[in-house]
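To keep things clear, I will list the structure first and then write my remarks on it.
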Amino acid sequence: MSYFKKFKGQGEALPVKSPISEILFAWFGGFISILIIGYLTKSYDNLLIMGSFGASCVLLFGFPKSPFSQPRNVILGHFLSTFIGLAFLHILGNEYWSMALALATAIAVMIATRTVHPPAGSNPLIVFLLGANWDYLIFPSLMGSIILVLVAIFYNNLHKNRAYPQYWM
Numbered sequence: 001m002s003y004f005k006k007f008k009g010q011g012e013a014l015p016v017k018s019p020i021s022e023i024l025f026a027w028f029g030g031f032i033s034i035l036i037i038g039y040l041t042k043s044y045d046n047l048l049i050m051g052s053f054g055a056s057c058v059l060l061f062g063f064p065k066s067p068f069s070q071p072r073n074v075i076l077g078h079f080l081s082t083f084i085g086l087a088f089l090h091i092l093g094n095e096y097w098s099m100a101l102a103l104a105t106a107i108a109v110m111i112a113t114r115t116v117h118p119p120a121g122s123n124p125l126i127v128f129l130l131g132a133n134w135d136y137l138i139f140p141s142l143m144g145s146i147i148l149v150l151v152a153i154f155y156n157n158l159h160k161n162r163a164y165p166q167y168w169m
């Protein structure tokens, strides 16, 4: 197959449309998660939210069986990617090339450790854009991802057809 012919797609069918009940269940799960994290951030004056958590909610509540949605992937994916972003920022400086190296390294480390969580791929970029300090690794990255997983455990298991998580380690 020639290179450019691949661009037209493989002719696969669209995924099956989700029933409205599943869409609403996912909507409410995302709402509850960010509501809790937002409340805790405001109440305790400690940052617990970051942009990539919105995408984490898509996976946790829309696709809870996905390997990308499992606790190990969510928590370690966010932690490792944020750590790598912080290390590159503070060792190599806030340069476009060090940001690119941080992102590429985060991708490779998540794949190598089997902790891939696609939303966490944005964490090195977030770290660079904010010029974050090392405390960003704990608040919001680690603590926020743990809260997301806890909400997902309690919420997803309310659904009669869901059992979350699929695995821990």
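If you read the sequence shown in UniProt numbering, its first letter stands for residue 1, the second for the next number, and so on. The beta carbon of each residue, even a glycine, is placed where N, CA and C say it ideally should be. Just so you know, these numbers come straight off a predicted model, no measurement behind them.
Closer than 7 angstroms: is that where the CB of residue i sits relative to any heavy atom of the ligand SAM?
| i | result |
| --- | --- |
| Lys5 | Here there are no bound small molecules, and the ligand SAM is not part of this structure. |
Quick one: using the 10 Å Cβ neighbour count with 16 as the cut-off for buried, is residue i buried or exposed?
| i | result |
| --- | --- |
| Phe68 | buried |
| Leu150 | exposed |
| Met50 | buried |
| Thr115 | buried |
| Pro15 | exposed |
| Phe128 | buried |
| Ile126 | buried |
| Pro124 | buried |
| Ile84 | buried |
| Leu137 | buried |
| Pro119 | buried |
Grab me the residues of residue i's own chain with a C-beta within less than 7 angstroms of its C-beta, minus the 5 sequence neighbours each way, in chain order.
| i | result |
| --- | --- |
| Arg72 | Thr115, Trp168 and Met169 |
| Tyr164 | Pro64, Ala152, Ile153, Asn156 and Asn157 |
With DSSP as the reference, label residue i as helix, strand or coil.
| i | result |
| --- | --- |
| Trp161 | What sits at residue 161 in the sequence shown is Asn, not Trp. Three-state DSSP puts Asn161 in coil, outside helix and strand. |
| Pro109 | The question names Pro, but residue 109 in the sequence shown is Val. Three-state result, Val109: helix. |
| Glu22 | helix |
| Phe31 | helix |
| Val16 | coil |
| Asn46 | coil |
| Lys6 | helix |
| Trp168 | coil |
Identify, in the order they occur along the chain, each residue of the same chain with its Cβ nearer than 6 angstroms to the Cβ of residue i, setting aside the five sequence neighbours on each side.
| i | result |
| --- | --- |
| Gly29 | Phe61 and Tyr155 |
| Asn46 | Phe139 |
Kindly list the residues whose CB is nearer than 8 angstroms to the CB of residue i, restricted to its own chain and excluding five residues on each side of it in sequence; keep chain order.
| i | result |
| --- | --- |
| Ala87 | Ala102 |
At least 3 beta-carbon pairs within less than 8 angstroms: the segment 74 to 90 vs the segment 103 to 115: yes
Three-pair Cβ contact test at 8 angstroms for the segment 54 to 67 versus the segment 91 to 99: no
Segment contact flag, the segment 26 to 38 with the segment 131 to 139, C-beta cutoff 8 angstroms, min 3 pairs: no
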